[in-house]
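See structure below.
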Amino acid sequence: MTAPFRVVAVSGSLHEPSKTTALVRAITAAIGERAEVDAQLIELTQIGPGLAGALQRDQLPPEVEAQLQAIESADLLIVGSPVYRASFTGLFKHLFDFVGQYDLVGKPVLLAATGGGEKHALIIEHQLRPLFAFFQALTLPVGVYASNTDFDGYEIASEVLRARIALAAERALPLVGYAASRPVELLVG
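Structure, rendered in structure tokens:
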């Protein structure tokens, strides 16, 4: 028997309730339906105030430092942000500015985003994927984008979106298993 995958999901939303948080939770649940996971959700609405005034990692409060360590030690990251001014939220980026430059090397990252309409779907390819490429993370091929029409309030209402979430989860697990079983030393060099 193997240990459960440590899944850390990050919602870059600045509001609660949040469609982005609902999407990230749904993706996490889909992974959990297919594999044994130990899941943790990090919401910027909760840790944002502790992040906002810090310019260096040693200025962060202990609860934010603990969240960063969870991100860095996860077997799988699920990250999502709403589209703000054609990109992810600034506080989402600020959080990842504190992540160690080499702490995500080879780590599988499932990308997700929400926006007002389909025109914002390219955030995954043009904003999120390059950010995690900097970290040399393994961004998974299938990302999940959801627009306002995919929700009824803050609940997923679209069968098409549910199918995208299921596909992303199915395609992620073989890569997560592969990445989690390789020694980090081999990936850094």
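Numbered per our numbering, the sequence shown spans residues 1468 to 1656. Beta carbons: idealized from backbone N, C-alpha and C, even for Gly.
Collapsed DSSP secondary structure at Pro1549 in the structure displayed: For Pro1549, the secondary structure class from DSSP, reduced to helix, strand or coil, is strand.
Outcome for Ala1624 when other beta-carbon atoms lying within 10 angstroms are tallied against a minimum of 16: Around the CB of Ala1624, fewer than 16 other CB atoms lie within 10 Å, so the residue is classed as exposed.
Any 3 or more C-beta pairs closer than 8 Å across the segment 1576 to 1592 and the segment 1511 to 1518: Verdict: no, contact absent.
Coarse secondary structure for Leu1605, derived from DSSP in three states: In this structure, Leu1605 counts as strand in the three-state DSSP scheme.
Rounded C-alpha distance that separates Asp1619 from Arg1473: When rounded, the distance between both Cα atoms is 30 Å.
Cβ-Cβ distance between Ile1538 and Val1491 below 8 Å: Cβ atoms of Ile1538 and Val1491: not closer than 8 Å.
Between the CA atoms of Leu1634 and Leu1577 - distance to the nearest angstrom: Approximately 12 Å, taken between the alpha carbons.
CA-to-CA distance, Glu1503 to His1561, given in whole angstroms: If you take the alpha carbons of His1561 and Glu1503, they lie about 31 Å apart.
Residue ranges of each beta strand (DSSP E) within the segment 1479 to 1523, 3 or longer: The qualifying runs are 1504 to 1510.
Residues near Val1643 by beta carbon distance below 7 Å, same chain, minus five either side: Excluding sequence neighbours, Val1643 sits near Phe1472, Asp1542, Leu1543, Pro1575.
For Gly1520 and Ala1639, the rounded distance between their alpha carbons: For the pair Ala1639 and Gly1520, the Cα-to-Cα distance works out to about 35 Å.
Exposure label - Thr1487; buried when at least 16 CB within 10 Å: By the 10 Å Cβ count, Thr1487 comes out buried.
C-alpha gap between Phe1602 and Asn1615, whole angstroms: Spanning the two alpha carbons is a distance of roughly 30 Å.
CA-to-CA distance, Leu1571 to Leu1605, given in whole angstroms: Between Leu1605 and Leu1571, the C-alpha separation is close to 8 Å.
3 or more residues per run - each beta strand (DSSP E) lying fully within the segment 1548 to 1596: Segments of the beta strand (DSSP E) lying fully in the segment 1548 to 1596: 1575 to 1582.
Cα-Cα separation between Phe1565 and Pro1528, rounded to whole angstroms: Approximately 13 Å, taken between the alpha carbons.
Where Leu1527 sits in the DSSP three-state scheme: When DSSP states are grouped into helix, strand and coil, Leu1527 belongs to the coil group.
Proximal residues to Ser1485 (C-beta, below 6 Å), its chain only, five neighbours per side dropped: Cβ contact annotation for Ser1485 (same chain, cutoff 6 Å, sequence separation greater than five): none.
Outcome for Val1475 when other beta-carbon atoms lying within 10 angstroms are tallied against a minimum of 16: Label assigned to Val1475: buried.
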